Amino acid sequence: MDDQYIAPATPAGRFYDPFEDDGPAPEYLAESEAARAAELAEAPERAPIVETRGRRPRETRQAEVFPIFAPCPQGLEEALTAEMQALGFEDAQVGRAGCSFTADWSGVQRANLYSRLATRILVQVAHAEISHEDDILDLARDTPWERWFGAEQTLRVDTSAIKSPVQSLQYCNLRAKDGICDRLREREGERPSIDTVRPDARVHLFLTGHTATLYLDTSGESLFKRGWRLDKGEAPLRENLAAGMLALAGWDPAAPLLDPFCGSGTILIEAAWIALGVPPGISRPFGFERLRDHDAYRWRDLKDDARSRILPQLDAPLVGYDLDPQAIEFAQNNAERAWLTADSIRFEVGDAREITAPADHGWIVTNPPYGERMGTEQDPDLWRDWAACLKRNFAGWQLHAITSDLTLPNQMRLKPKRRVPLHNGSLDCRLFGFELVAAGYRDA
1375 MDDQYIAPAT PAGRFYDPFE DDGPAPEYLA ESEAARAAEL AEAPERAPIV
1425 ETRGRRPRET RQAEVFPIFA PCPQGLEEAL TAEMQALGFE DAQVGRAGCS
1475 FTADWSGVQR ANLYSRLATR ILVQVAHAEI SHEDDILDLA RDTPWERWFG
1525 AEQTLRVDTS AIKSPVQSLQ YCNLRAKDGI CDRLREREGE RPSIDTVRPD
1575 ARVHLFLTGH TATLYLDTSG ESLFKRGWRL DKGEAPLREN LAAGMLALAG
1625 WDPAAPLLDP FCGSGTILIE AAWIALGVPP GISRPFGFER LRDHDAYRWR
1675 DLKDDARSRI LPQLDAPLVG YDLDPQAIEF AQNNAERAWL TADSIRFEVG
1725 DAREITAPAD HGWIVTNPPY GERMGTEQDP DLWRDWAACL KRNFAGWQLH
1775 AITSDLTLPN QMRLKPKRRV PLHNGSLDCR LFGFELVAAG YRDA
């Protein structure tokens, strides 16, 4: 792979973006996705924009409003909907594993740039009832794909279904792919090549009941891939799930935040970007940059405006501890790639059972070891001893911990004020919320 990018030194506590001149973003490693094996590319390709840099999009595209679906990790649907409404998409509504809204093309770009919780931004381009798999071929062939990409670009098609009577998703995927290729061959004389790793254009076919919907994927790589995480520990938390935990916890960016099981630093780095107002997509490429008539000038203006709003420094301390020195090294490296200085986030080797509070009040948001991270030699007294430390040193703080171990509150002898179902990959988890008081805390 390419040499890892190392950010230049910056003034203490400040955010530094080395791409203010809109130069190329650093290559980064794509994280594996169990459900998307073909996305295991080590480094996504930068979006080619040279040949379209001087063009302006068709005016009809700019004026047109599209139905959008933004998928997210299960359990974050309401938080994502609130985020989209805060971004100006007032018609955003909660959906199954995501939210729906409408947006013009500029809004599509803004959603990609600013959403911390979405996994992708999908533009609906066709929808119809179907009675047979071959109806998918007709639907795909009747869709004007030439508006978005041509035979000279590579293509990938993904198919998913919920309660659909179709017999073979693979055959449905093939029908959609054939319909797209037939359309472009009829209009442009050639068929596009298929590339399942680094395609120029991605299309998603979604089947439910007797309906089929075709989406144009404007994100490219999944949006949780911000571009800064190369080093990761065991079972790392995805960035959009970490941001979702902070949203559900109600963390105030002006208040201290501590993660006593910080691993490779995902929660705290996400928190720093939230507090500084750094858009999560500020340095990564997007799928829409590879589409026809991409307006690179307008896109650069949007990013320049976003950069101008980034705050220079944090208002409150962010602190992370982990017993594993290598995990702390990973966290420090990731923070550096996220253009955060050592004064922005303090990462230290430390035992969660022995730490002290950096302030009188604040938040603890953490992903403690469970499942594959738990190991076979875990100290059986860990949770009891950790709870004793919290009661002793963190009265007045709020604790939010995600785990697949539903007995965690009982093991800690703490009574949760809130429990939110979440999915961490394939694991069914809960985000438990506790209000910590002094040692007289009532046991669960």
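All residue numbers for the sequence shown refer to this note's numbering, where the first residue is 1375 and numbers rise by one.
Where a beta carbon is used, it is the ideal one built from N, C-alpha and C, also for glycine.
Since this is a predicted model, take the numbers as computed values, not measurements.
- Task: Can you give me the start and stop residues for the beta strand (DSSP E) that glutamate 1520 sits inside?
- Result: Indexing the sequence shown from 1 puts residue 1520 at position 146. Premise fails: glutamate 1520 is in no beta strand (DSSP E) and is neither H nor E.
- Alpha carbon of tyrosine 1589 to alpha carbon of leucine 1615, nearest angstrom: Against the sequence shown, residue 1589 aligns to sequence position 215. Against the sequence shown, residue 1615 aligns to sequence position 241. Each residue's alpha carbon lies about 23 Å from the other.
- Query: Near glycine 1736, which residues of its chain fall below 7 Å by C-beta distance, leaving aside the five closest residues on each side in sequence?
  - Reply: By 1-based counting over the sequence shown, the position of residue 1736 is 362. So the qualifying residues of the chain are Ala1629, Pro1630, Leu1631, Leu1632 and Trp1771.
- Query: Given a threshold of 16 other Cβ atoms within 10 Å of its Cβ, counted over all protein chains shown, does threonine 1781 qualify as buried or as exposed?
  - Reply: Along the sequence shown, read from residue 1 onward, the residue named residue 1781 stands at position 407. With fewer than 16 other Cβ atoms within 10 Å, it is exposed.
- Query: Between the stretch 1520-1529 and the stretch 1565-1577, do at least 3 Cβ pairs fall closer than 8 Å?
  - Reply: yes
- For glycine 1481, does the count of other Cβ atoms within 10 angstroms reach 16, so buried, or fall short, so exposed? Position 107 of the sequence shown, counted from the start, is the residue given in the question as residue 1481. Glycine 1481 is buried by the Cβ-count criterion.
- Taking 7 Å as the cut-off, is the CB of leucine 1461 close to at least one heavy atom of the ligand NAD? Looking at this structure, you won't find the ligand NAD or any other ligand, since it has none at all.
- Query: According to the neighbour-count rule (16 or more other Cβ atoms, all chains shown, within 10 Å of its Cβ), is alanine 1716 buried or exposed?
  - Reply: Here the question's residue 1716 lines up with position 342 in the sequence shown. So alanine 1716 counts as exposed.
- Message: Taking only three categories from DSSP, how would you classify threonine 1455?
- Response: Along the sequence shown, one-based indexing puts residue 1455 at 81. Reduced to three states, the DSSP call for threonine 1455 is helix.
- Message: In whole angstroms, give me the CA-to-CA distance for alanine 1502 and cysteine 1803.
- Response: Translated into positions along the sequence shown, residue 1502 becomes position 128. Translated into positions along the sequence shown, residue 1803 becomes position 429. If you take the alpha carbons of alanine 1502 and cysteine 1803, they lie about 36 Å apart.
- Are the beta-carbon atoms of isoleucine 1702 and glutamate 1728 separated by less than 8 Å? Start at 1 with the first residue of the sequence shown, and residue 1702 comes out as number 328. Start at 1 with the first residue of the sequence shown, and residue 1728 comes out as number 354. Against a cut-off of 8 Å, the Cβ pair of glutamate 1728 and isoleucine 1702 comes out as no contact.
- List the whole-angstrom C-beta distance separating alanine 1705 from serine 1638, where the pair is believed to meet the contact cut-off of C-beta under 8 Å. Reading the sequence shown from its first residue, position 331 is the one you call residue 1705. Reading the sequence shown from its first residue, position 264 is the one you call residue 1638. Indeed they touch by this definition, with Cβ atoms about 5 Å apart.
- Taking serine 1356 as the reference, give the member of Gly1694, Glu1438 and Gln1448 with the closest Cα. Lying outside 1375 to 1818, the shown extent of the chain, residue 1356 is not represented and no answer is given.
- Task: Using only alpha-carbon positions, find the residue among Cys1763, Asn1784, Leu1796 and Gly1469 that is nearest to valine 1811.
- Result: Taking the sequence shown and counting its residues from 1, one reaches residue 1811 at position 437. Closest option to valine 1811, Cα to Cα, is Cys1763.
- Message: Distance check for leucine 1805 and leucine 1773, CA to CA, integer angstroms please.
- Response: Position 399 of the sequence shown, counting from 1, holds the residue named residue 1773. Position 431 of the sequence shown, counting from 1, holds the residue named residue 1805. Between leucine 1773 and leucine 1805, the C-alpha separation is close to 10 Å.
- Item | Cβ-Cβ distance between alanine 1477 and valine 1439 below 8 Å | On the sequence shown, position 103 is the one that residue 1477 refers to. On the sequence shown, position 65 is the one that residue 1439 refers to. It is a contact, given that the beta carbons lie within the stated cut-off.
- Query: Can you tell me whether DSSP reads phenylalanine 1808 as helix, strand or coil?
  - Reply: Position 434 of the sequence shown holds residue 1808. Phenylalanine 1808 falls in the strand class under three-state DSSP.
- Task: Measuring alpha carbon to alpha carbon, tell me which of Tyr1545, Ala1617 and Thr1592 ends up nearest histidine 1668.
- Result: The count along the sequence shown starts at 1 and reaches residue 1668 at position 294. Among Tyr1545, Ala1617 and Thr1592, the Cα nearest to that of histidine 1668 is on Thr1592.
- Are the Cβ atoms of tyrosine 1695 and proline 1634 separated by less than 8 Å? Within the sequence shown, numbered from 1, the residue matching residue 1695 stands at position 321. Within the sequence shown, numbered from 1, the residue matching residue 1634 stands at position 260. Yes, the Cβ-Cβ distance between tyrosine 1695 and proline 1634 is below 8 Å.
- Hey, would you say leucine 1581 sits closer than 8 Å to threonine 1493, going by beta carbons? In the sequence shown, counting from the first residue as 1, residue 1581 sits at position 207. In the sequence shown, counting from the first residue as 1, residue 1493 sits at position 119. In this structure, threonine 1493 does not lie closer than 8 Å to leucine 1581 by Cβ.
- Message: From the DSSP secondary-structure annotation, give me the bridge partner or partners of glutamine 1467.
- Response: The residue given as residue 1467 occupies position 93 in the sequence shown. Ser1474, per the DSSP bridge assignment.
- In terms of residue numbering, what span does the alpha helix (DSSP H) encompassing aspartate 1679 cover? Position 305 of the sequence shown, counting from 1, holds the residue named residue 1679. 1670-1682 is the extent of the alpha helix (DSSP H) around aspartate 1679.
- Task: Could you pull out every unbroken beta strand (DSSP E) segment of at least 3 residues lying fully inside the stretch 1680-1758, listed in chain order?
- Result: Contiguous beta strand (DSSP E) elements confined to the stretch 1680-1758 occur at 1692-1696, 1720-1723 and 1737-1740, taking only those with 3 or more residues.
- With a threshold of 16 other CB atoms inside 10 Å of the CB of leucine 1830, please say whether the residue is buried or exposed. This structure does not reach residue 1830, given that the chain is present from 1375 up to 1818, and the question cannot be answered.
- Query: When the distance is taken between beta carbons, is leucine 1487 closer than 8 Å to alanine 1680?
  - Reply: The residue given as residue 1680 occupies position 306 in the sequence shown. The residue given as residue 1487 occupies position 113 in the sequence shown. Against a cut-off of 8 Å, the Cβ pair of leucine 1487 and alanine 1680 comes out as a contact.
- Query: Under a three-way DSSP split, which group does valine 1577 fall into?
  - Reply: For the purposes of this step, residue 1577 is identified with residue 203 of the sequence shown, where counting begins at 1. Note: valine 1577 maps to strand in three-state DSSP.
- Task: Can you say whether tyrosine 1744 is buried or exposed, counting buried as having 16 or more other CB atoms within 10 angstroms of its CB?
- Result: To locate residue 1744, count along the sequence shown from 1; it is residue 370. Flag for tyrosine 1744 reads buried.
- Return helix, strand or coil for cysteine 1803, following the three-state DSSP convention. For this step, residue 1803 is matched to residue 429 along the sequence shown. It is a strand residue.
- Item | Endpoints, alpha helix (DSSP H) assigned at alanine 1617 | Residue mapping note: residue 1617 aligns to position 243 of the sequence shown, counting from 1. That run of the alpha helix (DSSP H) goes 1613-1623.
- Residues that DSSP places opposite asparagine 1798 in a beta bridge: Working through the sequence shown from its first residue, we reach residue 1798 at position 424. Looking at the DSSP output, asparagine 1798 sits in a beta bridge with Leu1801.
- Message: Here's the rule I'm using: 16 or more other beta-carbon atoms within 10 Å means buried, otherwise exposed. How should glutamine 1483 be labelled?
- Response: Residue numbering aside, residue 1483 sits at position 109 when the sequence shown is read from its first letter. Flag for glutamine 1483 reads buried.
- Message: Using the Cβ count rule (16 or more neighbours within 10 Å means buried), how would you classify lysine 1677?
- Response: Numbered from 1 along the sequence shown, position 303 holds the residue referred to as residue 1677. Burial call: buried.
- So what's alanine 1444 in DSSP terms, helix, strand or just coil? Counted from its first residue, the sequence shown places residue 1444 at position 70. In this structure, alanine 1444 counts as strand in the three-state DSSP scheme.
- Message: Mapping the DSSP letters down to three states, classify glutamate 1644 as helix, strand or coil.
- Response: To locate residue 1644, count along the sequence shown from 1; it is residue 270. The answer is helix: DSSP assigns glutamate 1644 an H, G or I state.
- Message: Quick check on the burial criterion: 16 or more other C-beta atoms within 10 angstroms. Buried or exposed for serine 1505?
- Response: Working through the sequence shown from its first residue, we reach residue 1505 at position 131. With fewer than 16 other Cβ atoms within 10 Å, it is exposed.
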